[in-house]
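J.: In my numbering, the protein residues as written are 153 to 425. Take this structure first; my questions come after.
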Amino acid sequence: MIRSYILWGVILVSILVGCTSETHTDEASTVTIPSGSTLNYGVLTTYPHDVTLFTEGLLMYQGKLYESTGSPSELQQTRSLIGIVNLANGKMEEKIELDRNKYFGEGIVFLNDKLYQLTYRTKIGFIYNATTFKQIGTFTFPSNEGWGFTTDSTALIMSDGSNKLTYLNPKSFKVEKVLSVTENGSPVTNLNELEFIHGFIYANVYTTNFIVKIDPDTGKVVGRLDFSSLAYDAKAKNPSALEMNGIAYNPTRNTVYITGKFWPVIYEVKINN
C-alpha cells in the first residue's frame, strides 16, 4: 500500500516517482520476485472500472463485488471509500467514507456478519455492521502499517508491506500467528492485497505484476501468476493507471477479478492450476 506513482515498463518496475509523505520505509530495498512455478490463467471477460478509485481492497461478499480505496495526500481528488462495484458500468455505490484528513483507507474483509477495515499508518481498524454499514467498533493492530486484509474463515489475516502475514483473533484482536513468507528460503517482501482461495493465500507483490500463491501452513510460495499483460493493457487504456492491486474470488463462477489503482478495467480470469 505504498503511495507512489508507478510507471509500468518492465516486470520489476524500475522507475518510482511522485510520492513523498506516504512512501514506505522498506520500498527502497529490492523486491524479491518469486521464482516458483508459474500458474496459468485465461482472461474470460473484462468490466469497466472507475479510474478515479485508488484501489486498496477488492472482494466478493454475498454475490456482490466490494472495493475499498485510499486517499494519498499528494492526490487530492482521491477518497477513502468502501462500496459496491456495479460491474455493468464500473461505478461504486458508496457505503462508507473516512475523513481523508485523519485516515487512509486500506484493505477490507467480511467475517461473521461484520466488515473490517484497515488504515495505513494510524494502527487503527474499523468495524462495521455488514448489512447496515454502521460503524460498531474499532480495533488496533501491532504492525506499523496496514495493507491487505483477508480471512481463512477463522482469523483475520493482514499484510503490512513486509514478508509477514499477521493472523488476528476477530474477537480479541490478539495476534494468533505471524507467518513469514519465503521463496526458496528468501523473504518475499512487499506483500499487499490478499485473497484466500481454496486453502491458499494469494497476494499482490507491490511494485511488480506478480501475484503469489502462499501455503498458509509453511509460508512458502508455491506458485505465481504473471499479470504483466493485464497491467500493460490497463496502462495503455489509461496512462494514469498505477500498480496492480486487487484480487477478488468469485466462488459461484470459480473465477478471480483483478484490477489496480486507477485502472479502467476489471479483468475476470480463470486460474488453471
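Note that the Cβ used here is the ideal one computed from N, Cα and C, for glycine as well. This structure is a prediction, so every number in the text was calculated from the model and none was measured.
(1) Which first and last residues belong to the alpha helix (DSSP H) in which Tyr384 is found?
(2) What are the uninterrupted segments assigned as beta strand (DSSP E) that are 3 or more residues long and contained completely in the stretch 239-319, given in chain order?
(3) Count the other CB atoms, across all protein chains shown, that sit within 10 Å of the CB of His350; report buried if there are 16 or more and exposed otherwise.
(4) What residue range does the beta strand (DSSP E) around Pro200 cover?
(5) Can you tell me which of the three DSSP states Leu227 falls into?
(6) For the beta strand (DSSP E) holding Glu208, just list the boundary residues, first then last.
(7) What does DSSP give as the partner residue(s) for Arg376 in the beta ladder?
(8) When the distance is taken between beta carbons, is Ile276 closer than 9 Å to Tyr268?
(9) What's the gap between the Cα of Met396 and the Cα of Gly313?
(10) Determine the closest residue to Leu191 out of Pro403, Phe379, Glu420, with distance taken between C-alpha atoms.
(11) What residue does the beta strand (DSSP E) around Thr407 start on, and which one ends it?
T.: Put simply:
(1) 380-389
(2) Complete beta strand (DSSP E) runs here, min 3: 244-249, 257-263, 266-271, 276-281, 287-292, 301-303, 308-311.
(3) exposed
(4) 193-200
(5) coil
(6) 207-213
(7) When beta bridges are read from the DSSP output, Arg376 appears opposite Thr190, Val364.
(8) no
(9) 15 Å
(10) Phe379
(11) Taken as a continuous stretch (DSSP letters only), the beta strand (DSSP E) holding Thr407 covers 407-412.
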